[in-house]
Amino acid sequence: MQMDLTISDIHSLKKDQAFEILAQISRVEKKTFPANEAFPFGEELWRKKPNTRVLYVTRAASGARPTLLAYALYVRQRGVALLHKVCVAEVYRRQGVGLQLMNYIRARLQREGCQQIHLWVDKARSPARSLYIRNGFEEREQIPDYYVPGRTGIKMILDLVWLC
Numbered sequence: 001m002q003m004d005l006t007i008s009d010i011h012s013l014k015k016d017q018a019f020e021i022l023a024q025i026s027r028v029e030k031k032t033f034p035a036n037e038a039f040p041f042g043e044e045l046w047r048k049k050p051n052t053r054v055l056y057v058t059r060a061a062s063g064a065r066p067t068l069l070a071y072a073l074y075v076r077q078r079g080v081a082l083l084h085k086v087c088v089a090e091v092y093r094r095q096g097v098g099l100q101l102m103n104y105i106r107a108r109l110q111r112e113g114c115q116q117i118h119l120w121v122d123k124a125r126s127p128a129r130s131l132y133i134r135n136g137f138e139e140r141e142q143i144p145d146y147y148v149p150g151r152t153g154i155k156m157i158l159d160l161v162w163l164c
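Read in order, the letters of the sequence shown correspond to residues 1 to 164 in full-length UniProt numbering.
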């Protein structure tokens, strides 16, 4: 199902707007991930860090402020981007939001000359792994106890140069 979504970069916002989005992201982050895995989406992320990007997905409701549906954080290092965090708020999962966000990220990084996207995902997070595989990522490495004892991390890579 295709939704009418807007995908934006917090760096395109004024300071107070960016802080409001970061606060919304932080609330979703804390609901979604265990405390030891929750990323601190603080105000310092808004400051211009040339290699770090926070993207967020909204859908406008008529007459209301836009609703945060999902977000992503990646860091670029030359031709490689590390996709550090992708999260769709629970009520919007399995509606195509993650797929649209991933398509946007892939297209944006290709335009910027990025050659690969790397990420780590918990082996137990089947829906996330499935989303990444549908977007062309390949599982390349597994590390037992990557997150905590008993939780295996899987390194996934998407080669962008072959998609041109």
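Think of the CB as a built atom: it goes at the ideal place given N, C-alpha and C, for glycine as much as any other residue.
Spatial neighbours of residue i within its chain, please: CB distance less than 6 Å, with the 5 preceding and 5 following residues excluded, ordered by chain position.
i      : result
THR52  : VAL75
GLU141 : LYS155
ILE25  : PHE41 and TYR71
GLY98  : VAL88 and LEU131
To which residues does DSSP link residue i through a beta bridge?
i      : result
SER126 : Paired residues: none, contrary to the question.
ALA72  : LEU55 and VAL86
GLN100 : None; GLN100 has no bridge partner.
ILE7   : VAL57
ILE143 : GLY153
LEU119 : MET156
To which residues of the same chain is residue i closer than 8 Å at the C-beta, ignoring the five residues directly before and after it?
i      : result
GLU37  : TYR147
PRO66  : THR6, THR58, ARG59 and ALA60
HIS11  : ALA18, TRP46, LYS48, ARG53 and VAL54
VAL121 : ALA128, ARG129, TYR132, GLY153, ILE154 and MET156
ARG151 : ASP122, LYS123, ALA124 and ASP145
So, is the C-beta of residue i closer than 8 Å to a C-beta in chain C?
i     : result
LYS49 : Chain labels in this structure do not include chain C; a single protein chain is all it has.
What whole-angstrom Cβ distance do residue i and residue j have, given they're in contact under 8 Å?
i      : j      : result
GLU138 : ILE157 : 6 Å
LEU73  : GLN110 : Going by Cβ atoms, the distance from LEU73 to GLN110 rounds to 19 Å, so no, they are not a contact pair.
ILE21  : LEU68  : 7 Å
Looking at C-alpha atoms only, which residue of the options is the closest neighbour of residue i?
i      : options                         : result
LEU119 : LEU13, ASN135 and ALA23         : ASN135
ALA70  : ARG78, ALA81 and VAL86          : VAL86
GLY113 : GLN100, SER8, PRO50 and GLY79   : GLY79
LYS123 : LYS15, PRO144, LYS14 and ARG108 : PRO144
GLN77  : GLY98, GLN115 and GLY96         : GLN115
By Cβ distance below 7 Å, which residues in the same chain neighbour residue i in space, the five residues on each side in sequence not counted?
i     : result
GLU29 : ALA38, PHE39, PHE41 and CYS87
(request) Could you tell me whether the segment 89 to 98 touches the segment 41 to 53, using the rule of 3 or more Cβ pairs below 8 Å? (result) no
(request) Count the C-beta pairs between the segment 120 to 132 and the segment 26 to 34 that are closer than 8 Å, then say yes if the count reaches three, no if not. (result) A contact is defined here as three or more CB-CB pairs under 8 Å, and the segment 120 to 132 fails this definition with respect to the segment 26 to 34.
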